[in-house]
Structure formats: C-alpha cells, structure tokens
Amino acid sequence: MTTNAETRPKLRPVEAFPAPDAGPGMVILRDPSGLSSAVLTVSEAVLFVLSFFDGQNTLAEISQAFARQFDKPLQDDQLETIVSHLRQAHLLEGESFETYYQSLVDEYLSAPTRVMHSSEELGVDRDIGRFFNALMAEVPVPDDHAQIAGLIAPHLDYPRGGACYGAAYAQLRNRPTPERIIILGTNHFGRSSSVVATRKGFETPLGTTETDIEFIEQLETRCGNLRRFEFDHQREHSVELQLLWCQHLFGADRFVMVPFLCPDPCGLTGTMPYDGNGVDLRDFARALAECVRLDGKDTFLIAGADLSHVGAHFGDDRKLDDAFLMEVHKRDTHALQGLENEGPEAFLAFVAEGNNPTRICGAGCIFALMSALPGTQARQIKYHQTVHEESQTGVTCAAVLVTRH
Numbered sequence: 522m523t524t525n526a527e528t529r530p531k532l533r534p535v536e537a538f539p540a541p542d543a544g545p546g547m548v549i550l551r552d553p554s555g556l557s558s559a560v561l562t563v564s565e566a567v568l569f570v571l572s573f574f575d576g577q578n579t580l581a582e583i584s585q586a587f588a589r590q591f592d593k594p595l596q597d598d599q600l601e602t603i604v605s606h607l608r609q610a611h612l613l614e615g616e617s618f619e620t621y622y623q624s625l626v627d628e629y630l631s632a633p634t635r636v637m638h639s640s641e642e643l644g645v646d647r648d649i650g651r652f653f654n655a656l657m658a659e660v661p662v663p664d665d666h667a668q669i670a671g672l673i674a675p676h677l678d679y680p681r682g683g684a685c686y687g688a689a690y691a692q693l694r695n696r697p698t699p700e701r702i703i704i705l706g707t708n709h710f711g712r713s714s715s716v717v718a719t720r721k722g723f724e725t726p727l728g729t730t731e732t733d734i735e736f737i738e739q740l741e742t743r744c745g746n747l748r749r750f751e752f753d754h755q756r757e758h759s760v761e762l763q764l765l766w767c768q769h770l771f772g773a774d775r776f777v778m779v780p781f782l783c784p785d786p787c788g789l790t791g792t793m794p795y796d797g798n799g800v801d802l803r804d805f806a807r808a809l810a811e812c813v814r815l816d817g818k819d820t821f822l823i824a825g826a827d828l829s830h831v832g833a834h835f836g837d838d839r840k841l842d843d844a845f846l847m848e849v850h851k852r853d854t855h856a857l858q859g860l861e862n863e864g865p866e867a868f869l870a871f872v873a874e875g876n877n878p879t880r881i882c883g884a885g886c887i888f889a890l891m892s893a894l895p896g897t898q899a900r901q902i903k904y905h906q907t908v909h910e911e912s913q914t915g916v917t918c919a920a921v922l923v924t925r926h
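Take any residue in the sequence shown, count from 1 to its spot, add 521: that is its number in this note's numbering.
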C-alpha cells in the first residue's frame with residue numbers, strides 16, 4: 522500500500538527486548554496484549570524511526586529526523602516498507618487495525634464458549650487435580666466455612682504463585698458448593714477503562730461453567746452496559762486461573778459463574794474510567810453488593826489479584842537484592858494492613874499514593890471485592906515473592922481470607 526508524506530503513523534503499545542542472537546543492537550518487538558501474534562526483529566536504526574511513530578509526526582518529518590541523526594537520508598520506499606510491515610503485523614493504529622480487531626471480536630461473540638488457554642501455558646501439566654491437591658496438602662482445613670465470604674488469590678501462573686494459591690483455596694475444602702461464584706479479575710491489556718463482563722461460559726480442561734446471564738442483566742440495570750468490551754476477556758487469564766480451582770473443588774457444572782474484569786483505580790481519575798466510558802468502579806461495587814443481597818443465592822466472591830511488580834523488566838533501575846525486596850515486602854504489608862484494619866478505601870488510598878510505585882496490579886479487583894462485601898474482615902494468611910534473577914523480574918502475591926464478623 523502506498524503511503525504519502527502527510528501520513529502520521531502511530532505505533533500501538535509494544536514490548537521491546539534485546540535480540541543478541543540476531544546481531545548487535547537488534548531488538549524484538551511484540552504486542553503485549555496478544556491481539557497481534559507477530560514478532561518483529563528490528564535494528565537500532567529502525568527502532569529510532571519507530572520512536573517517532575506517535576501519531577504526531579508526518580513521514581516527511583520522520584525522514585528529516587533520521588537524516589539529522591544518522592547523517593544520511595531515509596529513502597521514501599524504505600520508510601513506506603516499514604509502515605507496510607507494521608500494518609501487516611497489526612501493530613499500527615488506524616482503520617486497518619480496527620478492521621482486524623473487529624474480526625476478532627466477531628469471532629469471540631459467535632463462539633459458543635470462551636475457551637481457556639492450555640494448561641501448559643499456565644504452568645501445569647495435564648493432571649491439574651493432583652497438582653492442586655499437592656498445593657493444599659499441608660494447609661489446615663478451616664473450622665467454620667460459613668463465615669468465609671470471599672478470597673483474594675494470585676493470578677500468577679500456578680508454579681510461581683503456588684504457595685498462595687494453595688493457602689487460599691484450601692479454605693474452601695469441604696465447603697458446600699456455592700450456587701454462584703463471582704470472580705473479579707484484573708484487566709491487564711483490554712481496551713476498556715471500566716468494569717467488563719461477558720456472557721460467555723468458560724470452557725477449561727475440567728469442563729464448562731456457565732455464566733449467570735440473568736445476574737449480569739440485573740446488575741446492568743444499575744450500572745449500564747458492562748459488555749461493550751467483553752472481548753477483553755478473550756486474552757485475560759486472571760479469571761480462568763481462579764475458575765480452574767473452583768471447578769476442581771466443586772465440579773465445573775455444579776455452580777454458575779459471573780466474570781468481571783476490573784480497571785486500575787490508581788490513575789489520575791481514580792475509580793472513574795479515564796476516558797469517561799463506563800461505570801465508576803466504586804459505584805459498580807456498591808451495585809454488586811446490592812444485587813447479591815437482594816438475590817439471596819449462596820454467592821461467593823473471589824478476586825484474582827497479584828501485588829507488586831518490580832525489577833528492571835518493569836522499569837526499575839535498582840537490582841532486586843534483599844534490601845529492595847524487603848522494601849517491597851513492607852509496602853505490600855502496609856497496603857494489606859490498611860485493607861484489614863481500615864477497609865478498601867484506606868487500601869486504595871495507600872496503593873495510589875505516589876502513583877502506585879511498586880505497580881500493585883490487583884488494586885481494582887481487591888477494592889471491588891471488599892467494597893462489595895460490607896461488614897466483612899480481610900485477613901492475610903500467606904505472602905510470597907517470586908524473583909527471576911536473569912530477567913530481574915519480581916512479582917509478589919498474597920492469600921487473603923475474607924470473613925463475616
């Protein structure tokens with residue numbers, strides 16, 4: 522496709538990683554949302570060009586910037602080739618990408634169920650039940666199941682978050698099967714800036730669990746349309762990681778689920794959607810509490826939430842040494858103590874302070890869970906840090922039990 526000098530290309534959000542095997546200065550680009558499966562390897566010179574793909578610069582201006590930097594011209598056909606390759610890889614914003622995106626949405630909406638990622642991708646072999654039972658084996662069974670109103674568990678892959686998964690879900694052993702389980706996940710890469718539901722039942726290796734559509738519709742009478750961006754659920758894993766546990770403990774077809782993805786409430790607009798589209802997270806949680814109260818069914822709530830994300834991989838310039846990890850531990854502990862002692866508003870205020878410096882990514886679903894369960898008490902029962910030295914990636918998580926007074 523021929524471009525022109527007035528085109529102002531805009532690159533979609535991408536991740537960049539060094540590619541030493543491809544040569545000095547080579548970099549790998551990929552789409553963190555998973556909407557595009559393309560993986561591109563580019564040179565430092567091309568990466569420089571892409572730094573101007575912000576929707577503000579024309580192709581002519583980008584060529585001029587290249588000439589100033591490298592003291593040689595960038596030919597029109599070279600620049601048009603870069604634009605063409607990015608468009609074909611679905612990495613450029615614009616009409617072409619929107620057409621491609623809509624095709625994905627249509628495919629999702631027409632499918633009978635939302636099919637889970639393979640268990641191997643989640644870090645588990647095919648014998649999921651044995652793996653789960655091993656994680657719960659050393660955890661005492663609670664004395665009073667009736668007082669447990671909800672759980673906060675990780676959404677890390679199972680091997681890295683295993684200690685906290687086991688501690689959390691062992692609390693549900695021998696509990697009578699709930700009629701409905703509401704799972705609040707984190708919307709990592711979706712397009713919505715508000716809460717997102719989906720009508721799809723979830724299909725996993727353990728079976729299919731249907732979604733309580735009637736409950737969603739009741740909630741929408743209070744909150745407005747919650748399914749405008751339901752395709753966000755297709756690539757998001759934080760709900761299905763909890764669902765597999767529930768299916769293992771209770772049986773896939775013995776309860777209905779209600780899946781929601783929650784936005785990050787730590788930005789400038791707080792619990793309000795930053796683009797003005799959708800329900801305020803605080804209002805959603807209040808409406809959710811009201812619907813559960815009026816409905817009367819045995820309903821259990823789960824938040825799939827990790828805590829801090831630190832290290833060079835996430836932009837920190839400090840090494841993940843013992844001192845840094847202790848600081849992270851203290852901050853996580855402070856946040857959870859606020860949740861336990863003062864409730865969800867105090868928790869959110871602390872996490873958002875300083876623009877959420879350790880990137881606690883589960884703040885939205887934790888806040889919504891506790892706000893939707895008034896009169897309950899949160900209690901941390903397990904905390905864990907997982908660190909990958911080579912990539913300098915650190916993620917923390919906790920198991921939190923939510924009980925009625």
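No residue lacks a Cβ here, since even glycine has one placed at the ideal position from N, Cα and C.
At which residues does the beta strand (DSSP E) containing residue i begin and terminate?
i, result
"His909", "897-909"
"Gly671", "669-674"
"Met778", "777-783"
"Ala540", "From DSSP, Ala540 is part of no beta strand (DSSP E); its letter is neither H nor E."
"Leu612", "Taken as a continuous stretch (DSSP letters only), Leu612 belongs to no beta strand (DSSP E), as it is neither H nor E."
"Leu561", "560-563"
"Glu724", "722-725"
"Gly682", "Gly682 -> not in any beta strand (DSSP E); alpha helix (DSSP H) instead, spanning 679-690."
"Arg712", "Premise fails: Arg712 is in no beta strand (DSSP E) and is neither H nor E."
According to DSSP, which residues form a beta bridge with residue i?
i, result
"Lys531", "Asp575"
"His830", "Val916"
"Thr820", "Arg701"
"Arg814", "Per DSSP, none; premise fails for Arg814."
"Arg839", "Note: Arg839 sits in no beta bridge, so no partner."
"Thr729", "Glu724"
"Gly825", "Ala674"
"Arg925", "Thr897"
"Thr634", "Gly722"
"Gly706", "Leu782"
Given a cut-off of 7 Å on the beta-carbon distance, is the pair residue i and residue j in contact?
i, j, result
"Ser912", "Pro794", "no"
"Ala689", "Ala856", "no"
"Cys918", "Leu693", "no"
"Gly706", "Leu894", "no"
"Thr792", "Asp801", "yes"
"Ile887", "Ala826", "yes"
"Gly711", "Cys783", "no"
"Thr730", "Glu751", "no"
"Val963", "Leu550", "Given that the chain is displayed from residue 522 to residue 926, the structure contains no residue 963 and the question cannot be resolved."
"Val645", "Tyr622", "no"
Over what stretch of residues does the alpha helix (DSSP H) that includes residue i continue unbroken?
i, result
"Phe868", "865-873"
"Val604", "597-609"
"Glu738", "734-744"
"Ile549", "Segment 548-551 is the beta strand (DSSP E) holding Ile549; no alpha helix (DSSP H) there."
"Gly650", "649-657"
"Gly496", "Residue 496 lies beyond the residue range present for the chain, which begins at 522 and ends at 926; the question has no answer from this structure."
"Ile583", "580-591"
From residue i to residue j, what distance separates their C-alpha atoms?
i, j, result
"Ser631", "Ser624", "11 Å"
"Gln763", "Arg748", "21 Å"
"Val831", "Arg880", "7 Å"
"Pro594", "Pro541", "27 Å"
"Val760", "Pro786", "18 Å"
"His754", "Cys882", "17 Å"
"Phe736", "Gly817", "12 Å"
"Gln768", "Leu580", "53 Å"
"Thr634", "Phe723", "6 Å"
"Val872", "Gly859", "10 Å"
"Val636", "Glu628", "12 Å"
"Thr523", "Thr562", "Residue placement at Thr523 is flagged as unreliable, the pLDDT there being 45, under the threshold of 50; a coordinate-derived value is accordingly withheld."
"Lys531", "Asn798", "23 Å"
"His905", "Phe618", "40 Å"
"Phe701", "Glu659", "Reading off the sequence shown, one finds Arg at residue 701, where the question assumed Phe. Roughly 28 Å separates the two Cα atoms."
"His850", "Ile603", "44 Å"
"Gln577", "Arg529", "6 Å"
"Cys685", "Asp853", "14 Å"
"Val779", "Ile703", "5 Å"
"Phe574", "Gln599", "15 Å"
"His909", "Lys840", "11 Å"
"Pro699", "His758", "22 Å"
"His606", "Gly546", "20 Å"
"Asn862", "Val717", "29 Å"
"Phe805", "Cys744", "6 Å"
"Phe652", "Ala899", "27 Å"
"Met891", "Gly864", "7 Å"
"Phe587", "Gly788", "35 Å"
Would the C-beta of residue i count as close to the ligand FMN, meaning under 6 Å from any of its heavy atoms?
i, result
"Arg589", "Among the components modelled here there is no ligand, and therefore nothing to report on the ligand FMN."
inquiry  = Could you tell me which whole alpha helix (DSSP H) segments of length 4 or greater appear in the segment 748-772?
reply    = 753-756, 759-771
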